[in-house]
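Quick note on numbering: the sequence shown equals residues 12 to 228 in the working numbering.
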Amino acid sequence: MRTKLFVITWLIGACLSVSPASDTGAQSPRHIKVVLHSQQTESVNQDGVRGSGSVVIRRGTVSPSGRVIASDRQTTVQRTSGIFTLVLDGGESILTVATRVPQSQLSYFYNYALGGGYVERRIVFNDVGTSLKVHAATMPDGQIRLRLTPRISYFSIERPGAIDFTEAATELIVPNGQLVSLGGSTSSMHEVTRQILGYQNRSSRDESQLQVSATIQ
12 MRTKLFVITW LIGACLSVSP ASDTGAQSPR HIKVVLHSQQ TESVNQDGVR
62 GSGSVVIRRG TVSPSGRVIA SDRQTTVQRT SGIFTLVLDG GESILTVATR
112 VPQSQLSYFY NYALGGGYVE RRIVFNDVGT SLKVHAATMP DGQIRLRLTP
162 RISYFSIERP GAIDFTEAAT ELIVPNGQLV SLGGSTSSMH EVTRQILGYQ
212 NRSSRDESQL QVSATIQ
C-alpha cells in the first residue's frame, strides 16, 4: 500500500509541475480601442439696441426723457462626441461614421467615386453610408500605427456596394492613450469622411476639431 501511494503522489506532482509551463507559452491577443473625437464649437453673436423713454407733464410744460441701450453678447457652446471601435492588434475593423448621409450630399460622394473610376456613370446612388476602415498595430516603442481608409456603402437601383478609397488613406503614429489631431472645418460627424477625402470648401462659424486616440486594452 505504501508503494502505491508513493506512485500516485509522484504522478500528481509531475502534472502540477508541467501545467504552468504550458500556460506561459500562450498569450491572449491584445485589442486596441480606437476613438474618433469631434469637438464642435459654435459661436453666436447677439447684437441689439433697446430704447426706453417717458413724457412728464407739469402745469403745461412737457419734458420728454429717454435713453438708448446697446448690447453686444457673444455665446460660445462646445459639444463633444465620439465613436469607437475595437481592433485586434495587427488587424482591421470598421468604424461606422454615418449610416445615412443627407440627400443633399449624395452628389459629392457619387462624383468622387465616379472620378476615381470606382463606379459606372449609369449607377445612381440612392443612399450612402460612410465609415472608416481602421488598421491598428502596436510598435516596439509602445506607440500605435494607425491607417484610416475612407469607405462608403451605397444602395442603387442596379446593385448595392462598398468602396474603399485607398488613395485617400491616412497613416499616423499615435502615442498610447493620447489624442492626435486630424484637422477641422467640419460641423457634423457625417462629414468626417469628406474631411479625410480632402473636402475643405466650407465657411461657417460652427467649427469642430477632429481628433483620434488609440489605447491598448
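Ideal Cβ placement from N, Cα and C applies to all residues, glycine included.
Decide if residue i is buried, meaning its Cβ has at least 16 other Cβ atoms within 10 Å, or exposed.
i: Q222; result: buried
i: S224; result: buried
Report yes if the CB atom of residue i is closer than 9 Å to the CB atom of residue j, and no otherwise.
i: P171; j: D100; result: no
i: V130; j: I174; result: yes
i: V112; j: F120; result: yes
i: Q220; j: S49; result: yes
i: V135; j: I155; result: no
i: R162; j: T149; result: no
i: V46; j: G93; result: yes
i: N137; j: L157; result: no
Hey, quick one: how far does the alpha helix (DSSP H) through residue i stretch, first residue to last?
i: S115; result: Unbroken run through S115: none, as it is neither H nor E.
Could you please give the first and the last residue of the uninterrupted beta strand (DSSP E) stretch that includes residue i?
i: F136; result: Counting along the chain, F136 falls outside any beta strand (DSSP E), and DSSP gives it neither H nor E.
i: D175; result: 172-175
i: S164; result: 155-166
i: E182; result: 181-185
Look at the alpha carbon of residue i and the alpha carbon of residue j, and state the distance between them as a whole number of angstroms.
i: V182; j: R132; result: According to the sequence shown, residue 182 is Glu rather than Val. In a straight line, the C-alpha of E182 is about 31 Å away from that of R132.
i: N122; j: A179; result: 15 Å
i: T87; j: L190; result: 23 Å
i: E103; j: S115; result: 31 Å
i: K44; j: I105; result: 12 Å
i: S164; j: V139; result: 6 Å
i: T226; j: G127; result: 34 Å
i: D34; j: D152; result: Low confidence applies to D34: its pLDDT is 49, below 50, so where it sits in the model is not reliable, and the reading given next is rough at best. D34 and D152: Cα-Cα distance of roughly 26 Å.
i: A124; j: Q38; result: 42 Å
i: T96; j: T110; result: 15 Å
i: L193; j: T160; result: 13 Å
i: H42; j: L143; result: 18 Å
i: A147; j: F166; result: 29 Å
i: N187; j: T91; result: 21 Å
i: A32; j: F176; result: Note that A32 scores 44 on pLDDT, short of 50, meaning its location in the model is unreliable; the coordinates nonetheless yield the value given after this. Distance between the alpha carbons of A32 and F176: 47 Å.
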